[in-house]
Amino acid sequence: MTTLNATPTYHNVHNSFKLNGFHLDKDDLCRVAYSFIKEGDDFEKPVGNFLLDWFDNNPYIDINTSGSTGTPKRIRVEKQAMVNSALATGDFFDLAPGNKALHCLPAKYIAGKMMFVRGFILGLDMDFVAPNSTPLKNNDTVYDFAAMVPLQAKHSLEELKNVKKVIIGGVYIHRTLEDALAELPTEVYETYGMTETITHIAAKRVGEQAFTVLPNVTISYDDNNCLVIHAPRISDEVIVTNDLVELVNENQFIFLGRFDNVVNSGGIKLIPEQIEEKLSGKIQSRFMFGGLPDEQLGEKLVLVLEGEERALEPHVFEELDKYERPKAILFVPKFAETETGKMMRKEILKEAAN
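Right, dumping it as structure tokens:
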């Protein structure tokens with residue numbers, strides 16, 4: 001297990017680190033970076049840029065947010081904070097030097113960058129492959145650790161038996177996929193985090209309700225019941241989120257939904273994510289709940305489905321309470337989404353209303 005006591009710095013490359021079968025030190029990685037930029041495939045060029053940024057003289061790196069909760073922006077992150085995040089992940093998931101890891105995420109965003117940082121800080125033996133929807137196809141290697149988004153996990157259910165531990169983040173895991181993942185011999189974890197927290201600060205085993213925070217992270221909530229994150233090794237400032245939570249204790253919480261998605265319909269506050277969870281597996285296409293202006297109720301709850309207009313069977317809504325049943329069902333041909341596949345709820349609602 002990696003220890004947080006003797007903390008490496010961002011200048012270090014662990015002597016056990018391997019990339020695609022080759023032991024690489026700092027100078028080797030810089031040469032790889034130039035090669036990726038000059039001759040690499042499209043998915044390799046951002047890796048080259050990241051590696052050169054990582055090994056320059058600045059103590060920080062500028063990173064793009066995904067834009068799932070607002071306009072995409074660039075934020076500045078301390079490299080040592082990224083190292084501390086990697087060490088916390090190593091502690092939480094009991095990763096050791098020489099462990100075999102699969103990297104199949106886009107390097108443009110924080111999750112893909114952090115997999116490399118975990119690699120050369122923890123000393124992982126890392127295979128880096130194209131970040132497509134079937135990263136384990138035609139690959140029978142046994143891995144100790146991998147990180148994926150839900151779409152990749154969904155298309156890798158057969159192959160995931162060859163991965164001992166996998167973390168899944170970026171987008172919420174719906175119940176049908178969670179049930180399928182829970183049947184696997186693999187240890188599968190859903191992670192919670194954002195660019196501002198340098199990827200995940202908490203994780204939960206699929207099938208469990210509560211997220212548990214990583215080492216050196218504590219949590220509380222504000223007057224709106226939104227999660228407040230205290231992670232001094234990662235951020236000098238306390239991070240106040242827009243995520244509604246139920247606090248189990250100072251180390252565990254249950255995610256309920258986003259505060260800015262809440263629909264206030266006739267004085268009753270409805271959380272779309274919780275209603276969507278009840279309908280998981282009952283509607284074949286992508287869908288979401290949201291609120292639109294209403295003269296009588298202030299806001300009315302609507303269900304928006306992706307695809308052609310069609311009728312829904314009444315039994316679909318059997319599990320919903322009276323107030324959770326939509327006042328209207330709307331259709332959008334194709335949901336707006338970020339580059340990382342997250343639904344852009346405000347844009348979808350706006351299109352549905354028109």
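Quick note: the sequence shown uses UniProt numbering, first residue 1, plus one each step. Each residue gets a CB set at the ideal place from its N, CA and C atoms; glycine is no exception. No experiment lies behind these values; they were computed from the predicted model shown.
Range of the contiguous beta strand (DSSP E) that encloses residue 320: Looking at the DSSP string, residue 320 is not in any beta strand (DSSP E), and its letter there is neither H nor E.
Beta carbon of residue 189 nearer than 8 Å to that of residue 219: No; because the gap between Cβ atoms is not below 8 Å, this pair is not in contact.
Stretch pair the stretch 288-304 + the stretch 261-279: three plus CB contacts closer than 8 Å: The stretch 288-304 is in contact with the stretch 261-279.
Pick from 28, 75, 9 that is closest to residue 197, judged by C-alpha positions: Per the C-alpha coordinates, the member of 28, 75, 9 positioned closest to residue 197 is 75.
Coil, strand or helix - residue 175 by DSSP: Looking at residue 175 - three-state DSSP - the assignment turns out to be helix.
Pair within 8 Å by beta-carbon distance, residue 244 and residue 265: Cβ distance not < 8 Å, so residue 244 and residue 265 don't count as in contact.
Meets three-Cβ-pair contact criterion under 8 Å: the stretch 36-54 and the stretch 143-150: With the cut-off at 8 Å, the stretch 36-54 and the stretch 143-150 do not touch.
Own chain residues within Cβ distance below 7 Å of residue 246, not counting five before or after: Closer than 7 Å at the Cβ level, and outside the excluded window around residue 246, lie 253, 254, 256.
Neighbourhood of residue 166 by C-beta distance below 8 Å, restricted to the same chain and skipping five residues each side: The answer, listed in chain order, is 145, 146, 147, 148, 153, 160, 186, 187, 188, 189.
Where residue 198 sits in the DSSP three-state scheme: It is coil, neither helix nor strand.
Residue range of the beta strand (DSSP E) that includes residue 358: Examination of residue 358 is not possible in this model, given that the chain is present from 1 through 354 alone.
Residue 412, DSSP secondary structure in three states: This structure does not reach residue 412, given that the chain is present from 1 up to 354, and the question cannot be answered.
Whole-angstrom distance between residue 16 and residue 124, CA atom to CA atom: Cα-Cα distance, rounded: 7 Å.
For residue 314, the three-state DSSP class (helix, strand or coil): Residue state, collapsed to three classes: helix.
Inter-residue Cα distance where the pair is residue 131 and residue 311: Their backbone Cα atoms lie some 36 Å apart in a straight line.
Rounded distance between the beta-carbons of residue 283 and residue 316, thought under 8 Å: Taking 8 Å as the upper bound for CB-CB distance, residue 316 and residue 283 are in contact here, some 6 Å apart.
Contact test: residue 229 Cβ vs the ligand NAP heavy atom, cutoff 7 Å: Among the components of this structure there are no ligands whatsoever, and the ligand NAP is therefore not found.
Chain-order list of residues whose beta-carbon lies under 8 Å from that of residue 336 (same chain, five-residue window excluded): In its chain, beyond the 5 residues on either side, 343, 344, 347, 348, 351 have a beta carbon closer than 8 Å to the beta carbon of residue 336.
Rounded distance between the beta-carbons of residue 120 and residue 200, thought under 8 Å: Wrong, their Cβ atoms sit about 19 Å apart, outside the cutoff.
Reduced DSSP category for residue 285 - H, G, I as helix; E, B as strand; rest coil: The answer is coil: DSSP assigns residue 285 none of H, G, I, E or B.
Selected residue, minimal CA-CA separation from residue 202, among 183, 31, 227, 136: Here the closest residue by C-alpha is 227.
Sequence ranges, beta strand (DSSP E) only - wholly within the UniProt domain "AMP-dependent synthetase/ligase" (63-203), length at least 3: Runs of the beta strand (DSSP E) inside the UniProt domain "AMP-dependent synthetase/ligase" (63-203): 74-78, 100-103, 125-128, 143-148, 163-168, 187-194.
Beta-carbon contacts of residue 327 that lie in its chain and below 7 Å, excluding the five residues immediately before and after: Answer for residue 327: 300, 301, 302, listed in chain order.
Helix, strand or coil at residue 342 [DSSP, three-state]: If DSSP states are grouped into helix, strand and coil, residue 342 belongs with coil.
For residue 294, three-class secondary structure by DSSP: Three-state result, residue 294: strand.
Contact set for residue 179: own chain, Cβ-Cβ below 7 Å, skip 5 residues either direction: Here the set comprises nothing.
Residue 288 to residue 334 span [Cα, whole Å]: Cα to Cα, the separation comes out at about 13 Å.
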